[in-house]
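Going by my numbering, the letters in the sequence shown line up with residues 2 to 414, in that order. No residue lacks a Cβ here, since even glycine has one placed at the ideal position from N, Cα and C.
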Amino acid sequence: MLKVLGSTWPLLFGLMLLMLGNGMQGTLLGIRGGIEDFSTTQMSVVMSCYFVGFLFGSRLAPEMIRRVGHVRVYAALGSLISAVLILYAAAPNWIAWSVMRVLIGFSFSGVYITAESWLNNASTNETRGQALSLYLIVQMIGIIAAQALLNFGDPSGYILFVIPSVLVSLSFTPILLSISPAPAFDTTKRLSFKALYEASPLGCVGMFLLGGVFSAQFGMASVWGTQAGLNIRDLSIFIASIYVGGLFLQFPIGMLSDRTDRRLLILALAIAGSVVLMVPVLFDVPFVMMIGIGVLMGGISNPLYSLLLAYVNDYLDNSDMAAASAGLMFINGIGAISGPIVTGWLMGAIGPSGFFLYMGIIFMLLAAYAGWRMTQRRSTPDAQGSYTAISPTASVVTIEAALEQTEAESQSS
Numbered sequence: 002m003l004k005v006l007g008s009t010w011p012l013l014f015g016l017m018l019l020m021l022g023n024g025m026q027g028t029l030l031g032i033r034g035g036i037e038d039f040s041t042t043q044m045s046v047v048m049s050c051y052f053v054g055f056l057f058g059s060r061l062a063p064e065m066i067r068r069v070g071h072v073r074v075y076a077a078l079g080s081l082i083s084a085v086l087i088l089y090a091a092a093p094n095w096i097a098w099s100v101m102r103v104l105i106g107f108s109f110s111g112v113y114i115t116a117e118s119w120l121n122n123a124s125t126n127e128t129r130g131q132a133l134s135l136y137l138i139v140q141m142i143g144i145i146a147a148q149a150l151l152n153f154g155d156p157s158g159y160i161l162f163v164i165p166s167v168l169v170s171l172s173f174t175p176i177l178l179s180i181s182p183a184p185a186f187d188t189t190k191r192l193s194f195k196a197l198y199e200a201s202p203l204g205c206v207g208m209f210l211l212g213g214v215f216s217a218q219f220g221m222a223s224v225w226g227t228q229a230g231l232n233i234r235d236l237s238i239f240i241a242s243i244y245v246g247g248l249f250l251q252f253p254i255g256m257l258s259d260r261t262d263r264r265l266l267i268l269a270l271a272i273a274g275s276v277v278l279m280v281p282v283l284f285d286v287p288f289v290m291m292i293g294i295g296v297l298m299g300g301i302s303n304p305l306y307s308l309l310l311a312y313v314n315d316y317l318d319n320s321d322m323a324a325a326s327a328g329l330m331f332i333n334g335i336g337a338i339s340g341p342i343v344t345g346w347l348m349g350a351i352g353p354s355g356f357f358l359y360m361g362i363i364f365m366l367l368a369a370y371a372g373w374r375m376t377q378r379r380s381t382p383d384a385q386g387s388y389t390a391i392s393p394t395a396s397v398v399t400i401e402a403a404l405e406q407t408e409a410e411s412q413s414s
């Protein structure tokens, strides 16, 4: 692991700076929106627009890279991110923010694809698994640390918007000056949504539903905290707890996934998620307990993403896995667009508890569908490979690299 870190640290450090910038802007907008008296509905539109841009970026950025190259795409989109982060404070208007969120979502998607391509190219078959694990850890550390940075300025001013802009600009240096050459970017063959659904209905429906959960967590947690009256310190702690749980519970759930029926584990996690999230809906929960709920919420939803990917791949040939990952990411992105909108509507109707009610209902739907699917198909066939921990913020490049690593491990065993 240390050897891999020594050879890839410039890339990983640059990626962590990117996550710091992205993690700050998501939470900061929710806080600043409250200061500007934006309604919950308006903020839900603003937050949803990021996922619209991210979805289009995942489809268009690969073609941009093939046409003009990694370096130009990274520099252009990174510059756009830095500019938008400053413009948020200069134009505190929810319509302007919505447009800028589309732009920044598109840009972050392209930047992640570019940077992850370099990281994948810098890894060998022997080190790729360790590099992927390090990348997951770096992603989570970046988002967690971003919440702490929110306490170093006034959200009603400019400084907290300047900090993520500077961090994103600085991320260029270690990545663009890395000795790793720009890799070739191959086109992934397509797998129709019909074929993907026929291979795994649970995987497709589960990824769609989880998209709504992730977008609610990433986009609406700060809006919930503002509506609930949390101060910046408590809000940053709560949001950080979601990603702490997502980091530390990935690996034990992954180990369990390789030893049991994945569908049963999906069902159990979905039931657990619905129970945990209904607690703050039904009861007046103290803040200390809310931290625990945040840990469990992230610790259940993040591993479910990797678990569903592994489950779908159990029903595919190795040659179809990369194409399937692109399709599943698109399905997840479609679900993500609706998450903040529905969450905002519920919060406007019943108050802050609507944030948890929405995700609790989503987990109930996933549990019900998983239980029904278990009556329609026999147990999972022999696994094509082991579970690989992947963050929902990772691009298709990282998912494909994880699939290649899984295939290599299955062939060597």
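Compare the C-alpha of Y244 against each of F14, A337, G24, A196 and name the closest. G24
Taking the alpha helix (DSSP H) that I363 belongs to, which residues open and close that run? 355 to 374
If you pair each beta-carbon of the stretch 362 to 379 with each one of the stretch 193 to 209, do three or more pairs fall below 8 Å? yes
Distance between beta carbons of G58 and V224, contact taken as under 8 Å: Not confirmed; about 23 Å, so no contact.
Any 3 or more C-beta pairs closer than 8 Å across the stretch 142 to 161 and the stretch 249 to 262: no
Inter-residue Cα distance where the pair is L133 and I301: 20 Å
Limits of the unbroken alpha helix (DSSP H) element including L278: 263 to 283
CB-CB under 7 Å to I145, same chain, minus the five flanking residues each way: which ones, in chain order? A241, Y244, V245
Return the chain-ordered list of same chain residues with a C-beta closer than 6 Å to the C-beta of Y198, the five sequence neighbours on each side being excluded. C205
Which first and last residues belong to the alpha helix (DSSP H) in which R73 is found? 71 to 91
Secondary structure of E37, DSSP reduced to three states: coil
I need the boundaries of the alpha helix (DSSP H) containing I238, first residue and last residue. 233 to 249
What first and last residue would you give for the alpha helix (DSSP H) that runs through T227? 222 to 229
Since I believe L177 is in contact with V1 (beta carbons under 8 Å), could you give me their beta-carbon distance rounded to a whole number of angstroms? Look at the range of the chain in this structure, 2 to 414, and you will see that residue 1 is not part of it.
CA nearest to the CA of P281, picked from A90, G295, A271: G295
Where do the N-terminal and C-terminal ends of the alpha helix (DSSP H) with L171 fall, by residue? 160 to 177
DSSP state of Y316 mapped onto helix, strand, coil: coil
With a threshold of 16 other CB atoms inside 10 Å of the CB of L61, please say whether the residue is buried or exposed. exposed
Say whether the stretch 271 to 285 touches the stretch 323 to 337, bearing in mind that this needs 3 or more beta-carbon pairs closer than 8 Å, one atom from each stretch. no
For L12 versus W98, is the C-beta distance shorter than 8 Å? no
Since L310 and I238 are thought to touch, with beta carbons under 8 Å apart, how far apart are those beta carbons, to the nearest angstrom? In fact, because the Cβ distance is near 30 Å, the residues do not count as touching under 8 Å.
Roughly how many angstroms lie between the CA atoms of D235 and M256, to the nearest whole one? 33 Å
What residues in its chain sit with their C-beta under 6 Å from that of L248, if we drop five residues either side in the sequence? M141
List the whole-angstrom C-beta distance separating L18 from L151, where the pair is believed to meet the contact cut-off of C-beta under 8 Å. L18 to L151, Cβ: 16 Å. No contact.
Secondary structure of N152, DSSP reduced to three states: helix
Considering only their Cβ atoms, is the gap separating Y312 from I267 smaller than 8 Å? yes
Which of the three DSSP states, helix, strand or coil, is assigned to M17? helix
From G15 to R379, what does the alpha carbon distance come to, in whole angstroms? 45 Å
Taking 7 Å as the cut-off, is the beta-carbon of N333 closer than that to any non-hydrogen atom of the ligand ATP? What this structure holds is no ligand at all, so the ligand ATP is not there to describe.
S326 burial status per 10 Å Cβ neighbour count (16 or more: buried): buried
Please state whether DSSP places N94 in a helix, a strand or coil. coil
Quick test of your reading: V47 and W95, contact by CB under 8 Å. State the CB separation rounded to the nearest angstrom. 6 Å
With DSSP collapsed to three states, give me the class of Q385. Here the model assigns Q385 a pLDDT of 48, short of 50, so the residue's position is not dependable, and the following value carries that caveat. DSSP places Q385 in coil when its eight states are reduced to three.
Go ahead and pull the three-state DSSP assignment for P393. coil
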